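So for the sequence shown, this note's numbering puts the first residue at 1022; every next one is plus one.
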Amino acid sequence: TVNYKTGASKAAGLEPKISDENGYCIWSWKVGTRTTPGDWEIVITVEGAGQIVTYFTVTG
């Protein structure tokens, strides 16, 4: 889940994934031109292993 100021993103590309044979997943999505600049949270939920939280920065 990508959490912006207005709430959770519903952008195409943020669908659930199954990891590859090495345990990796890659997501790609477009950030809207009117997205508020700042640091925004990404929460990755791993079945049976909890959650990973990280952040990315949107610049104006």
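A virtual CB, placed ideally from N, CA and C, is assigned to each residue, including glycine.
From a predicted model like this one, the values you see are computed outputs, not experimental measurements.
Query: Would you mind reading off the limits of the beta strand (DSSP E) that contains T1066?; Result: G1059 to V1067
Query: Can you tell which of T1022, V1067 and V1079 has its C-alpha closest to the C-alpha of T1054?; Result: V1079
Query: In terms of alpha-carbon separation, which member of V1023, W1061 and G1081 lies closest to E1036?; Result: V1023
Query: Please state whether DSSP places A1029 in a helix, a strand or coil.; Result: strand
Query: Note the first and the last residue of the continuous beta strand (DSSP E) segment covering T1078.; Result: G1071 to V1079
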